[in-house]
Structures are given as structure tokens and as C-alpha cells.
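There are 2 protein chains.
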Amino acid sequence: MTARTSPDSSRDIPEATVARLPIYLRALTTLSEQGTSTCSSEELAGAAGVNSAKLRKDLSYLGSYGTRGVGYDVEYLRYQIAREIGVTQDWPVVIVGIGNLGQALANYSGFRSRGFRVVALLDADPARRDEVVAGIEVRPFDHLEQIVTDHDVAIGVIATPAVAAQDVADRMVACGVTSILNFAPIVLAVPAQVDVRKVDLSIELQILAYHEQRKAATA
Amino acid sequence: MTARTSPDSSRDIPEATVARLPIYLRALTTLSEQGTSTCSSEELAGAAGVNSAKLRKDLSYLGSYGTRGVGYDVEYLRYQIAREIGVTQDWPVVIVGIGNLGQALANYSGFRSRGFRVVALLDADPARRDEVVAGIEVRPFDHLEQIVTDHDVAIGVIATPAVAAQDVADRMVACGVTSILNFAPIVLAVPAQVDVRKVDLSIELQILAYHEQRKAATA
DNA sequence: AGGAGTTTGTGAACGGGAGAACAAAACGAG
DNA sequence: CTCGTTTTGTTCTCCCGTTCACAAACTCCT
Ligand SMILES: NC(=O)c1ccc[n+]([C@@H]2O[C@H](COP(=O)([O-])OP(=O)(O)OC[C@H]3O[C@@H](n4cnc5c(N)ncnc54)[C@H](O)[C@@H]3O)[C@@H](O)[C@H]2O)c1
Ligand SMILES: NC(=O)c1ccc[n+]([C@@H]2O[C@H](COP(=O)([O-])OP(=O)(O)OC[C@H]3O[C@@H](n4cnc5c(N)ncnc54)[C@H](O)[C@@H]3O)[C@@H](O)[C@H]2O)c1
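Just so you know, the sequences run in chain order W and Z.
According to this note's numbering, the first sequence holds residues 1 to 219 in order.
According to this note's numbering, the second sequence holds residues 220 to 438 in order.
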């Protein structure tokens with residue numbers, strides 16, 4: 001193997017590319033499990049559902065990890081992407097709001113397998129105390145500060161009703177959480193240095209409904 | 220009130236705009252509940268977390284529903300957006316895979332309140348049969364065709380493990396479903412006329428991790 | 001060793017979306 | 001009625017992302 005260009009990691013990768021890297025990572029994991037050791041950009045792009053030129057350009061932001069005329073080494077590329085995203089390290093996570101959705105999240109195995117470790121489940125409802133979900137005890141929301149400090153938690157997940165979400169976010173930010181994944185259907189206000197990503201199921205359905213309506217209109 | 224331009228609805232609205240309309244709709248609903256009858260683009264943009272120029276441009280694709288010097292009538296605009304998206308009508312939905320996540324989805328009230336009606340819960344596991352989740356009986360996956368036909372279902376939700384998702388999607392497409400919301404971490408292959416949207420929690424977390432890592436590096 | 005075949009990495013063209021800026025329109029005060 | 005104020009609707013410019021297309025680089029076969 002010849003020397004690969006692995007440029008300084010301070011370049012910033014375009015946001016659209018960052019959003020696709022986890023998809024490539026998943027596709028590579030699947031290929032690896034199937035025993036494939038090498039793949040072309042065409043194959044990988046197919047598995048990831050994107051254009052092969054886009055894939056190559058995305059990967060070129062990380063460095064030059066392929067071999068012309070051959071393709072990419074699956075394991076090697078997988079490691080490089082994992083390292084770039086940061087999933088080679090362990091990320092402690094707290095989940096707040098252990099209702100229907102919070103319980104499903106706590107039970108989700110896809111967390112752990114990608115380097116995310118649920119260190120605590122928090123809920124404001126006293127009735128939920130001492131319940132054990134997915135092998136983890138549900139603790140009072142007031143323990144937030146303690147837990148975040150003790151485990152050096154940077155990422156928080158909010159699965160409370162919308163009315164409580166801003167309060168929860170404020171408390172998280174106050175005690176040092178800098179990334180929030182929000183499931184509540186509300187726009188959170190946070191300081192600029194805090195990242196928020198939202199998942200809103202009903203928005204997704206409404207987008208589908210819009211297109212569905214268009215199809216029906218032209219049919 | 221003067222005549223509003225309400226252009227032919229065959230124009231196509233940019234995808235980025237379509238994705239924001241549900242957010243505006245939610246913000247308007249909140250304003251309405253608070254008793255606000257009129258709002259400016261600045262206020263609404265604030266509530267939706269977007270730039271006001273962007274909001275105005277988005278709304279201009281629907282028509283000219285505001286009044287210069289005054290702003291927008293909350294109820295009127297809300298209805299116009301709802302109609303444009305298609306949530307003034309009733310959308311029957313089936314959910315397949317009633318595990319952790321499927322149960323949470325079935326229990327989610329945000330569905331119903333936005334015009335989506337869960338007509339059936341399907342699961343392949345015989346042990347799940349006759350269970351009742353959220354007041355709806357869990358039925359065998361084989362009933363899919365019957366249900367889709369009977370209720371004229373256009374939208375399907377997949378919450379099965381990844382290995383089963385493609386099969387489920389194929390069956391859905393075969394019996395007439397044309398929009399799929401996929402929670403399984405896999406890229407679905409479907410005919411061009413079928414819309415698929417995916418929700419992948421672990422991708423969202425990985426994106427947060429990437430930025431978190433960058434923050435840590437520069438700190 | 002050389003040529004044919006393959007596949008990467010990237011320059012360049014293109015398209016769409018974001019935001020600034022402003023003219024047009026509505027309203028209210030006098 | 002007229003002027004000043006407010007706020008929309010839209011134009012214009014810039015930037016980011018996508019895609020095409022191809023030279024460079026590598027392998028394999030003869
Ligand atoms: N269930 C779904 O499939 C689904 C889908 C999309 C979005 N959501 C959103 O996710 C959120 C949670 O949904 P759910 O169905 O799990 O609701 P839920 O009512 O079942 O659970 C909410 C939990 O949050 C807890 N809680 C309330 N206030 C709190 C606070 N201040 N601090 C800590 N915990 C608090 C409650 O005790 C409860 O256990 C909601 O905002 C909902 O709109 C849910
Ligand atoms: N739980 C979460 O929070 C979460 C988050 C993100 C993504 N996901 C994804 O959502 C999916 C479901 O997750 P889960 O935690 O609910 O899993 P789960 O194992 O609890 O539930 C899966 C259900 O699907 C059913 N099923 C399996 N094969 C089927 C088939 N061919 N037809 C119909 N039903 C079938 C199973 O009987 C089971 O009830 C998985 O793909 C998971 O990766 C889950």
C-alpha cells in the first residue's frame with residue numbers, strides 16, 4: 001500500500017457531507033459483515049443510495065483513501081470515517097423524558113453499537129422513579145447536574161412533552177451540555193455554541209402528505 | 220379584506236420550502252392558541268426559528284396571503300398552509316413493526332391531531348397478535364393487502380428491524396402504498412414514483428458527535 | 001516492459017436556496 | 001386628501017451543493 005494523503009483534520013467538512021458520512025459508515029459495516037474486503041465508489045454509492053461522484057467528492061474531504069483502478073479497502077475506509085466522525089470514542093448520553101418515546105430510545109441497541117452510551121434516564125414524574133428501563137434505573141430530573149458533571153456528558157436527548165422541552169434544554173445548557181437531540185415539536189432557543197438537531201416525525205409525515213396530494217392531483 | 224392572489228396550485232413549491240411549511244403551521248397553531256389574531260413575518264419567523272426574508276419568500280410560493288403594513292391573519296394563513304400541505308384532509312396510515320418504536324409511534328398523539336389516522340398496526344410475530352396498543356389491535360402482517368385496499372392507505376410507516384424493512388417496503392409498494400416513512404437504518408429500494416423519507420436517530424447522534432469532536436479539538 | 005482497462009480524485013459548469021435590500025402597498029394621523 | 005410609517009412581496013447577488021467529465025494513477029495481461 002502506498003502512502004495515503006491524510007490532510008490536517010482542521011479543514012472543515014461541508015455540512016451536507018457530514019450528514020452522509022454515517023450512511024457510508026453503515027454501508028461499509030454491512031459490506032464488511034458480508035466479507036467484502038474491497039469496493040468501488042460505484043458499489044458503495046449504490047449501497048448508500050447516492051451518486052458515485054458525490055461519494056468520491058465526499059470522501060476526498062477526508063483524504064485520499066482509495067486506490068485508482070482498484071477502489072477502497074472496506075476496513076480501512078470504515079475506520080477512517082469512524083475516526084473523522086468521532087465514533088471511535090465513547091460518547092456518554094443522557095435521555096430526559098422516559099415516556100413512550102424515551103423508553104423506545106433507551107431500548108434502542110443502535111446507540112451502543114455506535115459508541116453512544118446511555119449513562120442516565122431522567123424523568124420529572126415521581127411515579128416513574130425506580131422504574132428500570134433497558135437495565136437502567138430512572139432517576140429524578142434534578143440529578144441532571146450531578147450526572148452531567150460526573151460522566152462529562154456532552155450530548156443530551158430530549159423526549160419530554162413540548163411544554164417542558166425549553167426548560168430541560170436550559171438546564172442542560174447551564175450544566176455544560178453542548179449538543180442536544182430534540183424530539184419535542186418545538187423550536188429550542190439555545191446559545192450559539194450549542195448544537196441542536198431535531199427529529200420531528202409529524203413534519204416528515206406532512207412532507208409525505210404534500211407529495212401524496214400532488215400525485216393525486218395529477219393522476 | 221381585499222382579494223388575495225391565490226395562484227393555481229400546480230406550481231411546484233421548492234422542496235426546502237415544503238420542509239418548512241409544517242414548522243410554520245405549528246408556530247401558527249401555537250400563536251392561535253395564545254389568542255393572537257395577526258402576526259408579522261418577523262414574529263412568525265422568530266417562532267419558527269428562521270430568517271424573516273426566508274419566511275416571506277416561502278409564503279409567497281403559496282400566494283399573497285398577507286397585508287402590507289399589517290402582517291398575516293393567523294387563522295387564515297394557518298388554513299392556507301394546511302390546505303397546501305394536505306393536512307385538511309384525513310390520511311389513513313399503517314404502522315408495520317410494533318416493537319419498542321412502533322408502540323411509541325402508535326401512542327403518539329401528534330399523529331391524529333395533524334390529520335393522520337392509524338388504521339392498523341401490523342407485526343409478523345405471532346406472540347404480538349391480539350395485543351392492543353393505543354386502543355388498536357395488533358394484526359398479522361399478512362393482512363397488509365386487505366387493509367391497504369379497504370382503507371385506501373397511501374402512507375406506510377416501517378418500524379421493523381433493518382433486515383425485514385426491504386421486504387415490508389416491497390409488499391407495501393406492491394399493494395399500492397406510494398409514500399413510506401422508514402425508521403429502519405437501511406436504504407430502501409423503491410420505484411421512482413414512491414416517496415421514501417427516513418428517520419435515523421443514530422445518524423443524528425453521529426452528526427452531533429462530529430461537531431462535538433471539533434469543539435473539543437479547538438478548545 | 002508496454003499497453004489496455006479500470007477507477008479514483010478533482011476541476012468546472014450548473015442549479016437551487018439563503019439573505020440583503022428595496023419598491024409597492026396598506027394604514028393611520030392630521 | 002396627503003404624508004409618514006409599517007410591512008409585505010420580490011429582485012438581485014452570493015454561496016453551497018450536485019453532477020459531469022476527464023486526467024492521473026494503478027492493475028493486469030501479454
Ligand atoms: N411517541 C412518539 O412516537 C413521538 C414521536 C414524535 C415526537 N414525539 C414527541 O416526543 C415527546 C415525548 O413523547 P412521548 O410519547 O414519549 O410522551 P410521554 O408523555 O409518553 O412521555 C413524556 C415523559 O416526559 C416526562 N416529563 C414531563 N415533563 C418533564 C420534565 N420537565 N423533565 C423531565 N421529564 C419530564 C413525563 O413524566 C413523561 O414520562 C413529545 O414531545 C412528543 O411530541 C413523540
Ligand atoms: N427503538 C428506537 O428508539 C429506535 C430508534 C431509531 C431507529 N430504530 C429502528 O427502528 C426499528 C424498530 O426498532 P425497535 O426498537 O422497535 O425494534 P423491536 O425489535 O422492538 O421491534 C421490531 C418489531 O418488528 C416486528 N417484525 C420483525 N419482522 C417483521 C416483518 N417482516 N413484518 C412485520 N413485523 C416484523 C417484530 O416482531 C418486532 O415486534 C429498527 O430497525 C431500529 O433500528 C429504533
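Where a beta carbon is used, it is the ideal one built from N, C-alpha and C, also for glycine.
The structure presented is a predicted model; accordingly, all values stated were derived computationally and were not measured.
Exercise for review: Give every residue of the same chain whose Cβ lies closer than 8 Å to the Cβ of Ile317/Z, excluding the five residues on either side of it in the sequence, and list them in chain order.
Suggested key: Excluding sequence neighbours, Ile317/Z sits near Ala325, Leu340, Leu341, Asp342, Arg347, Glu350, Val352, Val357, Ala378.
Check your understanding: Skipping 5 residues on each side, what residues in its chain have a beta carbon closer than 6 Å to that of Val372/Z?
Key -> Around Val372/Z, the same chain offers Pro311, Val313 as residues with beta carbons nearer than 6 Å, after the five sequence neighbours per side are excluded.
Review point. Would you call Asp195/W buried or exposed, if buried means 16 or more other Cβ atoms sit within 10 Å of its Cβ?
Key: By the Cβ-count criterion, Asp195/W is buried, with 16 or more other Cβ atoms from all chains shown falling within 10 Å of its own Cβ.
Check your understanding: Does DSSP put Thr286/Z in a helix, in a strand, or in coil?
Key -> In the three-state reduction of the DSSP assignment, Thr286/Z falls in the strand class, which pools E and B.
**Study point:** Heavy atom of ligand 2 within 7 Å of Phe183/W beta-carbon
**Key:** Outside the cutoff, so no.
Review point. What is the rounded straight-line gap between the Cα of Ala272/Z and the Cα of Ser260/Z?
Key: Approximately 8 Å between the Cα atoms of the pair.
Practice item. Kindly identify the DSSP beta-bridge partner or partners of Tyr291/Z. Key: Paired residues: Cys258/Z, Gly285/Z.
Check your understanding: For Val163/W and chain Z, any beta-carbon pair shorter than 8 Å?
Key -> No, Val163/W does not count as interfacial toward chain Z.
Review point. Whole-angstrom Cβ separation of Val74/W and Leu28/W, contact assumed at under 8 Å?
Key: Rounded, the Cβ-Cβ distance is 6 Å, consistent with contact.
Point to revise | Span of the alpha helix (DSSP H), counted from its first residue to its last, around Val163/W | key: For Val163/W, the enclosing alpha helix (DSSP H) starts and ends at 162-174.
Exercise for review: Rank Ser256/Z, His370/Z, Asp369/Z, Pro345/Z by C-alpha distance to the C-alpha of Pro359/Z and give the top, closest one.
Suggested key: Looking at the Cα atoms, Pro345/Z is the closest of the given residues.
Check your understanding: Is Ile426/Z helix, strand or coil when you go by DSSP?
Key -> Helix.
Exercise for review: Could you spell out where the alpha helix (DSSP H) holding Ile242/Z opens and where it closes?
Suggested key: Per DSSP, Ile242/Z belongs to the alpha helix (DSSP H) from 234-252.
Review point. Are the C-beta of Glu252/Z and some C-beta of chain W separated by less than 8 Å?
Key: False, the Cβ-Cβ gap to chain W never drops below 8 Å.
Check your understanding: Going by C-alpha distance, which of Ile355/Z, Cys258/Z, Val382/Z is nearest Gly217/Z?
Key -> What is shown of chain Z runs 220 to 438, which leaves residue 217/Z out entirely.
Review point. How would you write the range of the beta strand (DSSP E) that Gly375/Z sits in, first residue to last?
Key: Counting along the chain, the beta strand (DSSP E) containing Gly375/Z begins and ends at 374-377.
Review point. Would Val163/W be called buried (16 or more neighbouring beta carbons within 10 Å of its own) or exposed?
Key: So Val163/W counts as exposed.
Point to revise | Closest by C-alpha distance to Leu420/Z, when choosing among Thr67/W, Ala47/W, Asn182/W, Gln213/W | key: Closest in alpha carbon position to Leu420/Z, among Thr67/W, Ala47/W, Asn182/W, Gln213/W, is Asn182/W.
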